[in-house]
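*Asks:* Residue numbers (the working numbering): 4 to 150.
Even glycine gets a Cβ: it sits at the ideal position worked out from N, Cα and C.
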Amino acid sequence: MQTGATSAGGVTGAATMRHVGLVALEAVLVAMLVWIAAMTLAGAQGSTGLVGAAEAGRVAPNLSVASTDEGLAVLVAPLATDGMWVHLSCRTPDGSADSRWAALDERGRASFAAAPGSDTDCGAETGYFSANGRWRVLATTTVTAGS
4 MQTGATSAGG VTGAATMRHV GLVALEAVLV AMLVWIAAMT LAGAQGSTGL
54 VGAAEAGRVA PNLSVASTDE GLAVLVAPLA TDGMWVHLSC RTPDGSADSR
104 WAALDERGRA SFAAAPGSDT DCGAETGYFS ANGRWRVLAT TTVTAGS
């Protein structure tokens, strides 16, 4: 009679251990799914954490803006790659704003015809549009046009 009681206790103990093991496995799987979801959202929102580390070796270009007789000329170095743009935003002393975009040519340059006016404060930024359509700035500078 004692033998049967030990056997029943052993079966119950094995079932409990199997249940505990399956619960632990389920917890690991849920944690993995949460991690995958977090990394997916971090990539979609442009996080600079783990996802941004892939671009850590990218060299930021030097951005210079010169005022010429024809307008503003922008020089970006090192040479641009496909899909690089310059965004020029200016504000005149009277408060009006002007925003312009130009794609960089094969030499890494962009020009904007007709400077917005004298003593106009402008900011220029170079960058690209990411796969999700967000503007990614690589370099910025300021210039006073027409002075």
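Compute the Euclidean distance between the alpha carbons of C125 and A106, then round it to the nearest angstrom.
*Replies:* Position 122 of the sequence shown, counted from the start, is the residue given in the question as residue 125. Position 103 of the sequence shown, counted from the start, is the residue given in the question as residue 106. Approximately 18 Å, taken between the alpha carbons.
*Asks:* Cα separation between A57 and A17?
*Replies:* Start at 1 with the first residue of the sequence shown, and residue 57 comes out as number 54. Start at 1 with the first residue of the sequence shown, and residue 17 comes out as number 14. Since pLDDT at A57 reaches only 46, below the 50 mark, its modelled position is unreliable, and no value is offered.
*Asks:* If you count every other CB in all the chains shown that lies within 10 Å of the CB of V31, and 16 or more means buried, which is it?
*Replies:* Looking up residue 31 in the sequence shown gives position 28. Exposed.
*Asks:* Within 10 angstroms of its Cβ, does M87 collect 16 or more other Cβ (buried), or is it exposed?
*Replies:* For the purposes of this step, residue 87 is taken as the residue at position 84 of the sequence shown. Its Cβ being crowded by 16 or more others within 10 Å, M87 is buried.
*Asks:* For the beta strand (DSSP E) that contains L91, what are its first and last residues?
*Replies:* What you label residue 91 is simply residue 88 of the sequence shown in a count that begins at 1. Taken as a continuous stretch (DSSP letters only), the beta strand (DSSP E) holding L91 covers M87 to R94.
*Asks:* From the DSSP output, in three-state form, read off L141 for me.
*Replies:* Walking along the sequence shown from the start, residue 141 turns up at place 138. If DSSP states are grouped into helix, strand and coil, L141 belongs with the strands.
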